[in-house]
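So the protein lines, in turn, are chains A and B. Just so you know, we're using UniProt numbering here: the first sequence kicks off at 1 and counts up by one. Just so you know, we're using UniProt numbering here: the second sequence kicks off at 1 and counts up by one.
There are 2 protein chains.
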Amino acid sequence: MDELESAAWLSLVGLTELLPPSLDAQLQTDAQLTHFEFQVLSTLRFAPEQTVQSKDLAASTNSTLPRLSHVVTRLEQRGLVRKLPCPTDRRATNVQLSDDGRRIVIRATGGHIDHVRRLVIDRLDRDELAALAKIGTTLNRALDPSDRFARHIRDAD
Amino acid sequence: MDELESAAWLSLVGLTELLPPSLDAQLQTDAQLTHFEFQVLSTLRFAPEQTVQSKDLAASTNSTLPRLSHVVTRLEQRGLVRKLPCPTDRRATNVQLSDDGRRIVIRATGGHIDHVRRLVIDRLDRDELAALAKIGTTLNRALDPSDRFARHIRDAD
DNA sequence: TCGACTTGGTTGTCGCTGCAACTAAGTTAG
DNA sequence: CTAACTTAGTTGCAGCGACAACCAAGTCGA
Chain A
1 MDELESAAWL SLVGLTELLP PSLDAQLQTD AQLTHFEFQV LSTLRFAPEQ TVQSKDLAAS
61 TNSTLPRLSH VVTRLEQRGL VRKLPCPTDR RATNVQLSDD GRRIVIRATG GHIDHVRRLV
121 IDRLDRDELA ALAKIGTTLN RALDPSDRFA RHIRDAD
Chain B
1 MDELESAAWL SLVGLTELLP PSLDAQLQTD AQLTHFEFQV LSTLRFAPEQ TVQSKDLAAS
61 TNSTLPRLSH VVTRLEQRGL VRKLPCPTDR RATNVQLSDD GRRIVIRATG GHIDHVRRLV
121 IDRLDRDELA ALAKIGTTLN RALDPSDRFA RHIRDAD
């Protein structure tokens, strides 16, 4: 690897190690949510009926079904979501945002966006944002060929 | 957030969620190492005497001292590193790469670099690499003002 | 229509990391 | 010199995520 390749790679590794803890910390102190929980709630918030089937929720949040199952169980215990049996497929469960959950996620979103702006968006100019979007898309496609991820936060983030 | 900002942000979040598992998976199957363990061993490999003090090793690998302590304990049990008392400060411990550890990390490096190339480097042109390096540096500085991270893999990665 | 296979989901266990508490060694002010 | 403080490191516990095993429901072929 030459200088440029190495610099690009190291900076990318740095990002993947530093960014997630920063997001978790902000959301944890401001809203008692992990970033993953926030993603789950945000996805539900913008879904029709505030309801999404577990399998699809897992795909949207780029998680596995076991992981989601655990998290949804905890969120349900906190009263932020409900689990409903799916009427058309009795194996499936639909996850629905509760009123409490809706209030929580709405209140959390503002501060989270502020944080993302201060940390990332506002530090890059338009050209850099465009470059990042393009590079990110390319690499995400390589990392996740099924490309199921991340069509969710959209209006939230 | 407008379209461009949102696209950049989502692609960045995607990267931070997809890249680390990919690195861990490759290193785990090819060398029975987590990416973090690989970083530790790589750092030691290029240090004078193959030895680094725990505190500095923690800083170089962007980890906390407790985390490093646990990992070094495991690596020592596997015979890949040694813990030596520091001669000049009796509180400190120096971590040294063993011969086995050296062989392991050297054997692991080639495959790891191949993986990184296939996944990232080879998918970007020179302009994109330069943009990524610049953006990454900017954001890393925002995320980690002390900037202690990532002066290590250098020749390895 | 019945057996084999697939799909949706849950549960249990294990391993790793964060955090707080703690020990030990070094440093500094009086 | 010694009491207060800081620094280096370890340990124990708790929480989360991966994985495998499992159950239940749906599908499909003969």
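Note that CB positions come from ideal geometry on N, CA and C, so glycine has one too.
Contacts with chain B at 9 Å (Cβ-Cβ) include residue 20 of chain A. Scanning the UniProt domain "HTH marR-type" (1–141) of chain B for uninterrupted beta strand (DSSP E) segments of 3 residues or longer gives 51–53, 81–85 and 93–97, listed from N- to C-terminal end. Taking the beta carbon of residue 128 of chain A as reference, the chain B residues within 9 Å of it are 8, 131, 134, 135 and 138, listed in sequence order. Interface annotation, residue 16 of chain A: in contact with chain B, CB-CB separation under 9 Å. For residue 13 of chain B, at least one C-beta of chain A is nearer than 9 Å to its own C-beta.
Residue burial is scored here from C-beta neighbours: residue 65 of chain B has fewer than 16 other C-beta atoms within 10 angstroms and is therefore classed as exposed. Nearest Cα to residue 82 of chain A within the set A/1, A/91, A/10 and A/71: A/71.
About 13 Å separates the Cβ atoms of residue 117 of chain B and residue 4 of chain A, ruling out a contact at the 8 Å cut-off. An exposed status is given to residue 49 of chain B, since fewer than 16 other beta-carbon atoms sit within 10 Å of its beta-carbon. Of B/20, B/21 and B/97, the smallest CA-CA separation from residue 47 of chain B is found for B/97. At least one beta carbon of chain A lies nearer than 9 Å to the beta carbon of residue 113 of chain B. Among the residues of chain A, those whose CB is under 7 Å from the CB of residue 142 of chain B are 119 and 123, following chain order. Among the residues facing chain B, residue 5 of chain A is included, as its CB has a counterpart in that chain under 9 Å away.
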